[in-house]
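What follows is a single structure, written as C-alpha coordinates, with notes after it.
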Amino acid sequence: MSNGPHAKLAELGLTLPEVVPPVASYVPAVQSGQHVYVSGQLPMAEGKLLATGKVGAGVSAEQAKDLAERCALNALAAIDSLVGLENVVKIVKLTGFVASASGFTGQPGVINGASDLFGAVFGEAGRHARSAVGVAELPLDAPVEVEVIVEVA
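Heads up: the sequence shown begins at 22 in my numbering, then just goes up one per residue.
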(Lines of atoms letter the chains of each structure in order from A and count residues from 1; the text may use other names and numbers.)
(Lines give C-alpha, C1' and ligand atoms only; values in the text may rest on other atoms or scores of the structure.)
Protein backbone atom coordinates (compact mmCIF):
# COMPACT_ATOMS: atom_id res chain seq x y z
CA MET A 1 0.00 0.00 0.00
CA SER A 2 2.97 2.33 0.51
CA ASN A 3 3.20 2.85 -3.25
CA GLY A 4 -0.53 3.41 -3.84
CA PRO A 5 -1.88 6.67 -5.23
CA HIS A 6 -2.55 8.23 -1.81
CA ALA A 7 1.02 7.44 -0.72
CA LYS A 8 2.37 8.91 -3.97
CA LEU A 9 0.39 12.10 -3.38
CA ALA A 10 1.80 12.30 0.15
CA GLU A 11 5.34 11.83 -1.21
CA LEU A 12 4.67 14.76 -3.53
CA GLY A 13 3.53 16.84 -0.56
CA LEU A 14 -0.06 16.90 -1.84
CA THR A 15 -3.34 16.04 -0.20
CA LEU A 16 -6.64 15.58 -1.96
CA PRO A 17 -8.92 18.59 -1.59
CA GLU A 18 -12.65 18.43 -1.09
CA VAL A 19 -14.51 17.77 -4.32
CA VAL A 20 -15.18 21.08 -6.05
CA PRO A 21 -18.94 21.65 -6.16
CA PRO A 22 -20.32 22.06 -9.69
CA VAL A 23 -20.78 25.64 -10.90
CA ALA A 24 -23.74 24.63 -13.13
CA SER A 25 -26.06 21.67 -13.82
CA TYR A 26 -23.75 18.64 -13.82
CA VAL A 27 -21.98 16.24 -11.46
CA PRO A 28 -18.22 16.21 -10.80
CA ALA A 29 -17.78 12.66 -12.13
CA VAL A 30 -19.86 9.79 -13.43
CA GLN A 31 -19.06 6.12 -13.86
CA SER A 32 -20.21 4.19 -16.93
CA GLY A 33 -19.03 0.62 -17.04
CA GLN A 34 -15.30 0.50 -16.39
CA HIS A 35 -14.76 4.21 -17.06
CA VAL A 36 -15.10 7.34 -14.98
CA TYR A 37 -15.69 10.58 -16.84
CA VAL A 38 -14.62 13.62 -14.83
CA SER A 39 -16.27 16.93 -15.65
CA GLY A 40 -14.04 19.86 -16.51
CA GLN A 41 -12.14 20.90 -13.40
CA LEU A 42 -11.07 24.48 -12.80
CA PRO A 43 -8.10 25.51 -10.65
CA MET A 44 -10.17 25.94 -7.50
CA ALA A 45 -8.99 25.74 -3.91
CA GLU A 46 -11.18 26.21 -0.86
CA GLY A 47 -14.05 27.45 -3.02
CA LYS A 48 -12.02 30.09 -4.83
CA LEU A 49 -10.51 30.28 -8.29
CA LEU A 50 -6.72 30.53 -7.85
CA ALA A 51 -6.27 32.89 -10.83
CA THR A 52 -8.21 34.52 -13.63
CA GLY A 53 -7.30 35.79 -17.05
CA LYS A 54 -5.57 34.71 -20.22
CA VAL A 55 -2.38 32.70 -20.42
CA GLY A 56 0.21 34.79 -22.24
CA ALA A 57 -1.35 38.05 -20.99
CA GLY A 58 -1.61 38.38 -17.22
CA VAL A 59 -1.08 34.68 -16.44
CA SER A 60 2.35 33.24 -17.20
CA ALA A 61 2.78 29.83 -18.82
CA GLU A 62 4.56 28.58 -15.68
CA GLN A 63 1.73 29.78 -13.42
CA ALA A 64 -0.79 28.17 -15.78
CA LYS A 65 1.15 24.88 -15.61
CA ASP A 66 0.77 24.96 -11.81
CA LEU A 67 -2.93 25.75 -12.24
CA ALA A 68 -3.30 22.74 -14.58
CA GLU A 69 -1.77 20.58 -11.86
CA ARG A 70 -4.40 21.90 -9.45
CA CYS A 71 -7.12 21.03 -11.97
CA ALA A 72 -5.73 17.49 -12.10
CA LEU A 73 -5.64 17.28 -8.30
CA ASN A 74 -9.29 18.34 -8.23
CA ALA A 75 -10.05 15.65 -10.81
CA LEU A 76 -8.36 13.06 -8.58
CA ALA A 77 -10.56 14.20 -5.67
CA ALA A 78 -13.66 13.67 -7.82
CA ILE A 79 -12.46 10.20 -8.85
CA ASP A 80 -11.57 9.27 -5.28
CA SER A 81 -14.97 10.32 -3.96
CA LEU A 82 -16.77 8.27 -6.62
CA VAL A 83 -14.75 5.03 -6.86
CA GLY A 84 -11.52 5.43 -4.86
CA LEU A 85 -8.13 6.18 -6.39
CA GLU A 86 -6.96 2.65 -5.59
CA ASN A 87 -9.40 1.41 -8.25
CA VAL A 88 -7.85 3.44 -11.07
CA VAL A 89 -6.40 1.08 -13.67
CA LYS A 90 -5.39 3.68 -16.26
CA ILE A 91 -5.65 7.37 -17.03
CA VAL A 92 -7.09 7.02 -20.54
CA LYS A 93 -7.60 10.54 -21.89
CA LEU A 94 -6.93 14.05 -20.68
CA THR A 95 -8.33 17.11 -22.40
CA GLY A 96 -6.91 20.45 -21.34
CA PHE A 97 -8.30 23.84 -22.24
CA VAL A 98 -6.16 26.95 -21.97
CA ALA A 99 -7.70 30.42 -22.14
CA SER A 100 -5.07 31.85 -24.46
CA ALA A 101 -4.06 35.38 -25.31
CA SER A 102 -3.69 36.11 -29.01
CA GLY A 103 -0.49 34.53 -30.26
CA PHE A 104 0.01 32.19 -27.28
CA THR A 105 0.91 28.72 -28.57
CA GLY A 106 2.29 27.03 -25.45
CA GLN A 107 -0.85 25.05 -24.57
CA PRO A 108 0.97 21.66 -24.49
CA GLY A 109 3.48 22.92 -21.92
CA VAL A 110 0.68 24.29 -19.74
CA ILE A 111 -1.26 21.02 -19.78
CA ASN A 112 1.92 19.15 -18.86
CA GLY A 113 1.12 20.31 -15.32
CA ALA A 114 -1.82 17.88 -15.28
CA SER A 115 -0.10 15.13 -17.29
CA ASP A 116 2.98 15.20 -15.08
CA LEU A 117 0.88 14.85 -11.93
CA PHE A 118 -0.96 11.81 -13.29
CA GLY A 119 2.39 10.26 -14.25
CA ALA A 120 3.86 10.93 -10.81
CA VAL A 121 0.84 9.42 -9.03
CA PHE A 122 0.14 6.41 -11.26
CA GLY A 123 3.44 5.73 -13.05
CA GLU A 124 2.96 3.96 -16.38
CA ALA A 125 -0.80 3.78 -15.73
CA GLY A 126 -0.79 7.59 -15.64
CA ARG A 127 0.41 7.90 -19.25
CA HIS A 128 -2.54 8.89 -21.42
CA ALA A 129 -3.84 10.18 -24.73
CA ARG A 130 -4.27 13.94 -24.63
CA SER A 131 -5.48 17.10 -26.30
CA ALA A 132 -4.31 20.59 -25.32
CA VAL A 133 -6.59 23.24 -26.79
CA GLY A 134 -6.38 27.02 -26.79
CA VAL A 135 -9.74 28.72 -26.25
CA ALA A 136 -11.00 32.29 -26.10
CA GLU A 137 -12.79 32.02 -22.73
CA LEU A 138 -13.34 29.55 -19.91
CA PRO A 139 -15.96 29.53 -17.13
CA LEU A 140 -15.45 32.19 -14.44
CA ASP A 141 -12.52 33.60 -16.50
CA ALA A 142 -10.36 30.62 -15.44
CA PRO A 143 -7.04 30.34 -17.27
CA VAL A 144 -7.14 26.51 -17.45
CA GLU A 145 -9.66 23.66 -17.35
CA VAL A 146 -8.96 19.92 -17.39
CA GLU A 147 -11.24 16.95 -17.99
CA VAL A 148 -10.22 13.32 -17.77
CA ILE A 149 -11.42 9.80 -18.55
CA VAL A 150 -10.08 6.95 -16.42
CA GLU A 151 -10.46 3.20 -16.53
CA VAL A 152 -11.33 1.62 -13.19
CA ALA A 153 -11.37 -1.91 -11.85
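Note that CB positions come from ideal geometry on N, CA and C, so glycine has one too.
Nothing here was measured: the structure is a model prediction, and the numbers come from that model.
Report the option in the options whose CA atom is closest to the CA atom of residue i.
{"i": "Phe-118", "options": "Gly-61, His-27, Pro-38, Leu-103", "result": "Gly-61"}
{"i": "Gln-128", "options": "Val-169, Arg-91, Ser-81, Leu-106", "result": "Ser-81"}
{"i": "Glu-172", "options": "Glu-166, Leu-103, Asp-162, Thr-126", "result": "Leu-103"}
{"i": "Thr-116", "options": "His-27, Gly-68, Arg-151", "result": "Arg-151"}
{"i": "Gly-125", "options": "Gln-52, Pro-42, Glu-83, Thr-36", "result": "Looking at the sequence shown, residue 125 is not Gly but Phe. When each option's Cα is compared against that of Phe-125, the closest is Glu-83."}
{"i": "Ala-45", "options": "Leu-161, Leu-30, Ile-132, Leu-88", "result": "Leu-161"}
{"i": "Glu-8", "options": "Cys-92, Ile-170, Val-156", "result": "No answer is possible for residue 8: the residues shown for the chain start at 22 and end at 174."}
On the three-state DSSP scale, how would you describe residue i?
{"i": "Val-142", "result": "helix"}
{"i": "His-56", "result": "strand"}
{"i": "Glu-32", "result": "helix"}
{"i": "Gly-79", "result": "strand"}
{"i": "Leu-161", "result": "helix"}
{"i": "Gly-74", "result": "coil"}
{"i": "Gly-155", "result": "strand"}
{"i": "Gly-68", "result": "coil"}
{"i": "Gly-25", "result": "coil"}
Under 6 angstroms Cβ to Cβ from residue i, same chain only, skipping five residues before and after it: list those, please.
{"i": "Asn-108", "result": "Val-173, Ala-174"}
{"i": "Met-22", "result": "The predicted model places Met-22 with a pLDDT of 45, which falls under 50 and marks its position as unreliable; any figure quoted below should be read in that light. If we look at Met-22 and ignore the five residues flanking it on each side, it has no Cβ neighbours."}
Leaving out five residues on either side along the sequence, give the residues of the same chain with a beta carbon under 8 angstroms from the beta carbon of residue i.
{"i": "Glu-90", "result": "Gly-134, Ala-135, Asp-137, Leu-138"}
Is the closest heavy atom of the ligand NAP to the C-beta of residue i under 6 angstroms?
{"i": "Gly-140", "result": "Ligands in the displayed structure: none, and consequently the ligand NAP is not present."}
Leaving aside the five residues before and after residue i along the sequence, list all residues of the same chain whose C-beta is less than 7 angstroms from its C-beta, in chain order.
{"i": "Leu-106", "result": "Pro-26, His-27, Leu-97, Ile-100"}
Check your understanding: Between the region 132-151 and the region 68-75, do three or more beta carbon pairs fall short of 8 angstroms?
Key -> no
Point to revise | Uninterrupted beta strand (DSSP E) stretches inside the region 84-135 (no shorter than 3 residues) | key: 109-120
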